[in-house]
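Residue numbers (my numbering): -13 to 265.
All remarks here apply to the structure that follows.
Next comes the structure, spelled out in structure tokens:
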């Protein structure tokens, strides 16, 4: 009788622990990213920047993420260039559907290039999960404040369009970044600051996790535009009528919108990492 009683308690205790473990099931990192994005971009929209505290909160989640959190590794086929391909093919993995934000991953084989393009009205978080990459980015030259108003109330963070010179269809831009990176912490660009137009060149196989708020939307006028960057000195040697010293001219360029580059080879593939449960 005593043994049966003890055995019964042990069974009840074991069942209780199992139920507790099920209740305490760990939330995946990618699910945490999704939930954080949902909160951060809840009151945002085109040209509206999340509050500084929300920017830091989302950046902190991304900083901690690795390729394993999204089910990737450098030895996967996405990251190998094929000898039969004239241009290395870039693979895009789409993680969620939302009118407020978009999460996706660009998988680049060595020498893969995402040409210079913009992010109209968007706040973008980019995390290089692994690999070596060269990044060149620009901001439009215009209002000294870049038109950004940051406020703890996201609804007040409205971006005013900058005043940009526009001679002969060209727009003046200033270089923000022109460097090589190795899996750095998260970079952030804003609608009018931080390198809104950028180009990625993979020096090795790379994976880039991107969060865009809001996403591109052709019906709403947020289409992805591509640009040629022309040397500043080839067009002018002054900004706002003031001559730019020769040693500073590499800091500027004239950008000209172009059609989608013919040598851009990008395909979409099904994301097979830890699932995101939308709610």
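The beta carbon of each residue, even a glycine, is placed where N, CA and C say it ideally should be.
What you are looking at is a predicted structure, and each value in this text was computed from that prediction instead of being measured.
Query: Give the list of continuous alpha helix (DSSP H) stretches no shorter than 4 residues that lie fully inside the stretch 36 to 80.; Result: 38 to 49
Query: What residue ranges within the stretch 160 to 236 form continuous beta strand (DSSP E) runs of no fewer than 3 residues, ordered along the chain?; Result: 173 to 175, 183 to 188, 192 to 199 and 212 to 217
Query: With DSSP run on the structure shown, which of helix, strand or coil describes residue 124?; Result: strand
Query: Give me the Cβ distance between residue 48 and residue 105, rounded to the nearest whole Å; I'm assuming they're in contact under 8 Å.; Result: With a Cβ gap of about 16 Å, residue 48 and residue 105 do not count as contacting.
Query: Between which two residues does the alpha helix (DSSP H) containing residue 19 stretch?; Result: 15 to 26
Query: Between the Cα of residue 128 and those of 109, 100, 158 and 114, spot the shortest distance and give me the residue it belongs to.; Result: 158
Query: Just curious, the beta strand (DSSP E) that residue 258 is in, first and last residue?; Result: From DSSP, residue 258 is part of no beta strand (DSSP E); its letter is neither H nor E.
Query: Can you say whether residue 59 is buried or exposed, counting buried as having 16 or more other CB atoms within 10 angstroms of its CB?; Result: exposed
Query: Around the Cβ of residue 217, are there at least 16 other Cβ atoms within 10 angstroms (buried) or fewer (exposed)?; Result: exposed
Query: Please state the DSSP three-state secondary structure of residue 90.; Result: strand
Query: Which residues share a DSSP beta bridge with residue 119?; Result: 167 and 188
Query: Below 8 Å CB to CB, which residues in the same chain sit around residue 139 once its five sequence neighbours on both sides are set aside?; Result: Because residue 139 carries a pLDDT of 41, less than 50, the predicted location of this residue cannot be relied on, and the following value inherits that uncertainty. These residues qualify, in order along the chain: 37.
Query: Ordered along the chain, which non-local residues of its own chain (more than five positions away) have a Cβ less than 7 Å from that of residue 9?; Result: Its pLDDT being 49, under 50, residue 9 is placed unreliably in this model, and the coordinates cannot settle the point.
Query: Which partner residues of residue 263 appear in the DSSP bridge assignment?; Result: None, per the DSSP bridge assignment.
Query: Does the Cβ of residue 61 have 16 or more other Cβ atoms within 10 Å, making it buried, or fewer, making it exposed?; Result: exposed
Query: Rank 63, 160, 211 and 69 by C-alpha distance to the C-alpha of residue 179 and give the top, closest one.; Result: 160
Query: When the Cα atoms are used, what is the spatial distance from residue 266 to residue 198?; Result: Missing from the structure shown is residue 266; the chain here goes from -13 to 265 and no further.
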